[in-house]
Structures are given as C-alpha cells and as structure tokens.
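Peer 1:
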Amino acid sequence: MTTIGPIIFRAGDRICWKAIGDDGLPIRRYGFINGRPNGNGRVVVMFDGELKGETVVAIGELEPVNIMTVDLVIDDVELLNDPTLRQALVGLWSSEAELAGLVVENVVQLGTGVRDVTGLGYALAELQSAGELYVLRAVIDSTYVTVRADVPRRFERPRR
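Residue numbers (the numbering used here): 4 to 163.
1) Could you check what DSSP says for Ser-132 in three-state terms: helix, strand or coil?
2) Taking three-plus beta-carbon pairs below 8 Å as touching, is the stretch 94-108 in contact with the stretch 125-140?
3) Check each candidate in Ser-132, Ser-145, Arg-156 and Asp-144 and name the one with the smallest Cα separation from Ile-70.
4) By the three-class DSSP mapping on this structure, what secondary structure does Glu-53 have?
5) Would you mind giving the Cβ-Cβ distance between Val-46 and Ile-62, rounded to the nearest angstrom? I have them listed as a contact below 8 Å.
6) Only counting the same chain, and skipping five residues up and downstream in sequence, which positions put a Cβ closer than 7 Å to that of Val-60?
7) Using the C-alpha atoms, what's the distance from Glu-66 back to Thr-5?
8) Quick check on Arg-163: does DSSP put it in helix, strand or coil?
9) Alpha carbons only, please: which of Gly-34, Leu-127 and Val-68 is nearest the one belonging to Thr-58?
10) What is the DSSP secondary structure of Pro-155, counted as helix, strand or coil?
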C-alpha cells in the first residue's frame with residue numbers, strides 16, 4: 004500500500020496487522036487502535052476476539068482498513084486459468100472483507116470474469132460499499148494472485 008505522508012492513527016481506528024508467523028506462514032489480524040501512539044512509534048491494539056487490548060505493535064506494521072486495502076493473496080497464478088476457480092475468488096474475498104469488518108453490498112459477479120486490458124488479470128464482480136461502486140479484480144503479481152476491490156476505470160461503464 005502506498006500513502007502520501009505518514010498515517011496518523013487514532014483510538015478506535017480499524018486496522019490490519021500483517022506478519023510472518025513462526026511457521027513461515029503469513030498472519031493477518033484485524034482490530035482497533037486502543038490508545039494513542041507513544042513516542043517510540045508503538046501503539047496498543049485490541050485485536051478481534053481479545054477482551055484485553057494490551058498488545059503493543061509498531062505503527063509501521065499496521066494498515067488502515069477500508070474497502071480498497073482488504074486483499075486476498077494466493078500463491079497460485081494458475082488459479083486464474085480455471086473459470087470456476089475464478090468465480091470462487093469472489094466468495095473468498097467477500098469472507099476476508101467480512102473479517103475486516105466491512106459492509107459489502109450488491110455483489111454482482113461478472114460471469115467467469117472479464118479479462119483486463121493489461122492481460123494480467125480479470126474483473127470478477129461489481130460491488131458497493133458505503134454507497135460507492137467498486138470492481139473486484141484478480142491480478143497476477145509476480146508469483147501471486149491478488150484479489151482486491153478497486154474503483155471502476157474510466158472505460159468501464161457504471162451500472163444503472
């Protein structure tokens with residue numbers, strides 16, 4: 004994720020913490036900022052499912068949660084070659100968005116996906132969140148498939 008300037012977190016902000024576990028597998032946890040950042044760049048976080056908000060995390064390891072920052076990363080680029088599996092990515096991403104605490108409405112699948120003009124991915128579905136229209140895309144990113152909501156491009160006609 005790229006940002007312009009530093010991200011300023013406040014108590015109550017929804018966040019995502021991504022790390023690599025002891026077993027080498029990625030860990031992703033969602034939660035809320037539970038206080039003000041201290042002087043050394045760390046903040047107390049209350050992760051989902053925890054009653055105490057006592058976990059201290061470096062601010063640089065946190066991302067704000069919104070519809071365009073929630074992603075699904077799968078390390079199998081062949082996944083996009085199978086139309087049935089492409090359709091299943093919509094449900095998997097929707098589950099991740101639900102875990103992140105986002106409200107996603109009016110999900111309309113685009114059949115088995117519409118090939119992106121770059122040739123590196125597919126538009127899988129149209130959806131709404133907070134009254135805005137988004138397109139769910141699956142894109143090949145080196146050896147991974149990344150599924151993420153994005154704003155419709157100017158050549159994509161919005162639904163009426």
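Here a beta-carbon is modelled for each residue, glycine too, at the ideal position from N, C-alpha and C.
Peer 2: The answer reads as follows:
1) strand
2) yes
3) Ser-132
4) coil
5) 6 Å
6) Trp-20, Arg-45, Val-46 and Val-48
7) A caution first: Thr-5 carries a pLDDT of 44, below 50, which makes its placement in the model unreliable, though a value can still be read off. Going from the Cα of Thr-5 to the Cα of Glu-66 covers about 10 Å.
8) Model confidence at Arg-163 stands at a pLDDT of 49, short of 50, so the residue's coordinates are unreliable and nothing is read from them.
9) Gly-34
10) coil
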